[in-house]
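**Q** Have a look at the structure that comes next, please.
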Amino acid sequence: MWIYDPRTLSFLAVNDATVECYGYSREELLAMTVRQLHLPADMSAPLDVLLRSPVSAEQKGPWRHVRKDGAVIYVEVARSAVRVAGESACLVVATDVSEGKRFELLCRMLLDAIPSSVLLLDEDLRVVLANRNFLEKSQQTAGQTTGKRLAEVFPEVIIAEMGLERQVQNVFKDNQAMQGQRLTYRTPGVPIRVYYYSVVPVSWGVRVDYVLLLMDDVTEQMQMSEEIRQMERQLASVVESASDVVLSTDTQGNILTWNKAAQKTSGYPFEEVKGRPFFEYCDEAGIRSVFSRAVSGESSGMIECNLKTKDGKDHPVSWVLSQMTNDAGGTVGFVIVGRDLTERRKFEMQIQESQKLASLGVMARGIAHEIRTPLTIASSAAQFLTEENLTPEFHRECAEKVHRGIRKASAIIENLLRFAHPSTNKHKTPVDLPQVVKGAVSVIENQAKVQNVEVRTHLPPEPCLIRGVFGLLEQVFTNLFLNAINAMPYGGTLDVSAERDGGDLVVRVTDTGDGISPEDLGKIFDPFYTKAPPGKGTGLGLSICHSIVDQHKGSISVDSHSGKGSTFTVKLPLLSRTEEVMR
Amino acid sequence: MSLLNRVVLVVDDDPDVCWALEHLVEGLKAQCIRALDCQGALQAARQNRLALVLLDAKLPDIDGLELAGQIRRAAPGVPILLISGYFYKDDPAIQAALEQGLIYGFVEKPFSHTAIIAAMQTAFCSQVVASGR
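Note that the protein sequences, when read in sequence, are chains A and B. To get this note's numbering, take the position in the first sequence, counting from 1, and add 40. Under this note's numbering, the second sequence has 116 at position 123, and the numbering climbs by one with no breaks.
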């Protein structure tokens, strides 16, 4: 027991019990303030305010006090107002509760530290204890909760709908914990919270003295898992509604998923392809090489190969393969996206045909001149034949000229027809490339002649076979030759040479024209890029050459110097000896 | 007025066309000289007193209209008939050449003998009238 001055917080009087309890001498205590009895960690402005405030009957505590030897003791404190020498003072009666309270306090601290809401209920379903987490979540005070019945602590709706009271009663009766129920709890003015709760019996024997109602707030987890589910649904619907074929495989290439487009393009429902090797459904060699590249960590790039449909057809598809990796970076499978090229192929074919006709337009004058020359001879010779008194020699000569002129005109027309005729057969077969080049030369010969361009060819005498479409390849060279001729408006030389280079055949088309300026060089393979005046060129020729050469797994490049002419180089892979023998 | 014993130059790179024109010229009792290219044509124009030139529009080494200009400088006043399957009658290039007087006339291939003989005679007469010979 002690008396202190609430203004200075100095001790005014202390009794023997205080001296004995705290270990300080009376003199020492009278030289101290009451503040110094408190644990330094507990010292705060609110504590000072409390110590200086007018005395009320209210008991605060337990407090943590420090003895002279540094030991912490727990005390419960009762303050009352007294007057000392006419001045108001504070009489404090402190009771050391350390022994009894320490354990209870520890339990209390533990309960408050738990991030779950805990309610201890007695058999009457009254709250014996509510931890801090529960009070915070329910926005109630200990006073509003302790001693209240469960029905007063929770909203009526929850009690009724969840049958909470019954559940607690069952635990009292059965001494069996009840696990994992969901509870949606709404305090007015606070967003809905979702809890998982369990009811646990607390017993010291067969009799259940209390039950613990443990509630975990899972609102955030619920929201997160709902968001994840939504995201999963969205992703699944993106994949399902994609117009591209999207499938996934394990590392061995066995199919794991297969979207609607895959089903539609191939004709196979997922059930039929599930777990089957993807290689069974496409041109095996091509896709296997992409797989092995991807497995070894190389960029997979893009590959075009056919998808075999259920009805036995081949669909041209462009495939892109990407690795699926786990968090540790290990490959767990592959995602394969395929775009159906059927429509694009049709469109490309149409463009190729229309470009061919356009180049015929460009050649019209040359064609006219060349056909009219033999026609002139035939016509003239025929007119001579109508005259009288011809010598037999002249008569025969005239008849020969008529015949030869018609043959010549007919040959020119035949070449053109072959060129202009839509190539119905788009299947690649072994093709002798020098023959293709010769065919193209014969198509453009007339044009070269009228533009004073001399055509020189240096072609290997032996067959050089590649796998390709004759008509398309002829179109490539016709386009290149016409471009070269048009680059020489004042005449010049068109040099066409072909030679083997390893496994390729390299064809070089060189003109002695003006050359291509460096700024145009990068654009010449772009569609519709042309330097020709309107009506003289479509700007499609070189882009089509590029596309056709690409389809034949070859390459096309250009080397040009302004004022000196250009060389276009077409490189196409030759058939290997084995392929030649096999054919 | 006739082309009798006059010299007519035929310029065409196709020997068979030359053959036909040669027979037509000779049918008019004129003398025919043949040239297959630019150089031969200019040489013939310089070395002969030409009455008429029958010229193809496309030659291996030169454009016919350009050669027409050179022949005019080598043999001034000699009418030139352009005979071609490359151009058509209303062709702007032909119209321009006619307006400039670069050529006297144009005959489209294939031609009828009647038309080409008429064109040759008209061209020759006009030249005679113009030169006052």
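Where a beta carbon is used, it is the ideal one built from N, C-alpha and C, also for glycine.
Please determine, among A:Y44, A:A81, A:W298, the residue with the shortest C-alpha to C-alpha distance to S120 of chain A.
**A** Nearest C-alpha to S120 of chain A: A:Y44.
**Q** Compile a chain-ordered list of the residues in the stretch 385 to 416 of chain A whose CB is closer than 9 Å to at least one CB of chain B.
**A** Hits within the stretch, in order: R405, G406, A408, H409, E410, I411, R412, T413, P414, L415, T416.
**Q** Leaving out the 5 sequence neighbours to the left and right, which residues in its chain are closer than 6 Å to S362 of chain A when beta-carbon positions are compared?
**A** Cβ neighbours of S362 of chain A beyond the five flanking positions: V375.
**Q** Apply the 10 Å Cβ neighbour rule to L615 of chain A and answer buried if 16 or more other Cβ atoms are within range, or exposed otherwise.
**A** Looking at its Cβ environment, which holds 16 or more other Cβ atoms inside 10 Å, L615 of chain A is buried.
**Q** Within the continuous alpha helix (DSSP H) that includes G28 of chain A, where are the two ends?
**A** Examination of residue 28 of chain A is not possible in this model, given that chain A is present from 41 through 623 alone.
**Q** Just the Cα atoms here: how many angstroms apart are M271 of chain A and Q303 of chain A?
**A** Going by the C-alpha atoms only, they are around 24 Å apart.
**Q** Whose C-alpha, out of A:W298, A:R104, A:D323, is nearest the C-alpha of M83 of chain A?
**A** Out of A:W298, A:R104, A:D323, A:R104 has the C-alpha closest to the C-alpha of M83 of chain A.
**Q** Going straight from the alpha carbon of H498 of chain A to that of A480 of chain A, what length do you get?
**A** If you take the alpha carbons of H498 of chain A and A480 of chain A, they lie about 14 Å apart.
**Q** For a contact meaning CB atoms closer than 7 Å, what does F424 of chain A contact in chain B?
**A** Chain B residues near F424 of chain A: H16.
**Q** Once DSSP output is grouped into helix, strand and coil, what is the label at E338 of chain A?
**A** Coil at E338 of chain A, not helix or strand.
**Q** Which residues, taken in chain order from the stretch 489 to 513 of chain A, show a beta carbon closer than 9 Å to some beta carbon of chain B?
**A** Residues passing the 9 Å Cβ filter: K489, V490, Q491, N492, E494.
**Q** Tell me which residues share the same chain as L87 of chain A and place their Cβ nearer than 7 Å to its Cβ, disregarding the 5 neighbours each side in the sequence.
**A** Cβ neighbours of L87 of chain A beyond the five flanking positions: H78.
**Q** With a threshold of 8 Å, are at least 3 pairs of Cβ atoms found where one atom belongs to the stretch 164 to 174 of chain A and the other to the stretch 190 to 208 of chain A?
**A** Short answer: they touch.
**Q** Out of curiosity, what's the CA-to-CA distance linking I76 of chain B and V4 of chain B?
**A** So the alpha carbons of these two residues sit roughly 10 Å apart.
**Q** Answer yes or no: do K441 of chain A and A418 of chain A have a C-beta to C-beta separation smaller than 9 Å?
**A** It is a contact, given that the beta carbons lie within the stated cut-off.
**Q** So which residues of chain B does A421 of chain A contact, with C-beta pairs closer than 8 Å?
**A** Within 8 Å Cβ-Cβ: A13.
**Q** Interface residues of chain A around G33 of chain B at Cβ under 9 Å?
**A** Those do not exist, as G33 of chain B stays about 16 Å from chain A at its closest Cβ, beyond 9 Å.
**Q** Could you check which residue in A:G63, A:P231, A:V137, A:S595 has the C-alpha nearest to that of S114 of chain A?
**A** Looking at the sequence itself, residue 114 of chain A is Tyr, so the reference to Ser does not match. Ranking A:G63, A:P231, A:V137, A:S595 by Cα distance to Y114 of chain A puts A:V137 first.
**Q** Can you say whether V158 of chain A is buried or exposed, counting buried as having 16 or more other CB atoms within 10 angstroms of its CB?
**A** Counting Cβ neighbours within 10 Å, V158 of chain A comes out buried, since at least 16 surround it.
**Q** Which one or two residues does DSSP pair with S537 of chain A in a beta bridge?
**A** The partner list for S537 of chain A (beta bridge, DSSP) reads A:H498, A:R548.
**Q** Leaving out five residues before and five after Q209 of chain A in sequence, what residues of the same chain have Cβ atoms less than 8 Å from its Cβ?
**A** Excluding sequence neighbours, Q209 of chain A sits near L165.
**Q** Within 9 Å of any Cβ in chain B, is that where the Cβ of K350 of chain A sits?
**A** Judged by the 9 Å Cβ criterion, K350 of chain A is not in contact with chain B.
**Q** Using a Cβ cut-off of 9 Å, pull out every chain A residue sitting near P53 of chain B, in sequence order please.
**A** Ordered by position in chain A, the residues that pass the 9 Å Cβ test against P53 of chain B are K489, N492, E494, G531.
**Q** Name the one or two DSSP bridge partners that G98 of chain B has.
**A** G98 of chain B is bridged to B:L74.
**Q** State the start and end residues of the unbroken alpha helix (DSSP H) segment that holds M264 of chain A.
**A** M264 of chain A -> alpha helix (DSSP H) spans 259 to 281.
**Q** Rounded to the nearest angstrom, what separates T115 of chain B and I73 of chain B at their Cα positions?
**A** About 11 Å.
**Q** Measuring CA to CA, which of A:V493, A:Q261, A:N171, A:G315 is closest to L253 of chain A?
**A** Nearest C-alpha to L253 of chain A: A:N171.
**Q** Which residues in chain C have a C-beta closer than 9 Å to the C-beta of K441 of chain A? List them in chain order.
**A** This model lacks chain C altogether; the protein chains it does include are A and B.
**Q** Would you list, in chain order, the members of the stretch 57 to 89 of chain B that have their beta-carbon closer than 9 Å to a beta-carbon of chain A?
**A** Those residues of the stretch 57 to 89 of chain B that come within reach of chain A (Cβ to Cβ, closer than 9 Å) are I76, S77, G78, Y79, F80, Y81.
**Q** Quick one: does A641 of chain A have its CB under 9 Å from some CB of chain B?
**A** Only positions 41 to 623 of chain A appear in the structure, and residue 641 of chain A is not among them; the question remains open.
**Q** Please report whether the beta-carbon of G378 of chain A lies at a distance below 9 Å from any beta-carbon of chain B.
**A** So no, G378 of chain A is outside the interface.
**Q** Could you tell me the distance, in whole angstroms, from the CA atom of T185 of chain A to the CA atom of K314 of chain A?
**A** Rounded to the nearest angstrom, the two C-alpha atoms are 59 Å apart.
**Q** Under 7 Å, CB to CB, which of the residues in the stretch 88 to 103 of chain B have a partner in chain A?
**A** Answer set for the stretch 88 to 103 of chain B: K102, P103.
**Q** Helix, strand or coil, according to DSSP, for E344 of chain A in the structure here?
**A** Reduced to three states, the DSSP call for E344 of chain A is strand.
**Q** Sort out for me which residues DSSP pairs H355 of chain A with in a bridge.
**A** According to DSSP, which records beta bridges pairwise, H355 of chain A is partnered with A:L347.
**Q** Shorter than 8 Å, the distance from the beta carbon of I556 of chain A to the closest heavy atom of the ligand ZN, or not?
**A** In the structure shown, the ligand ZN is absent, as is every other ligand, since no ligand is present at all.
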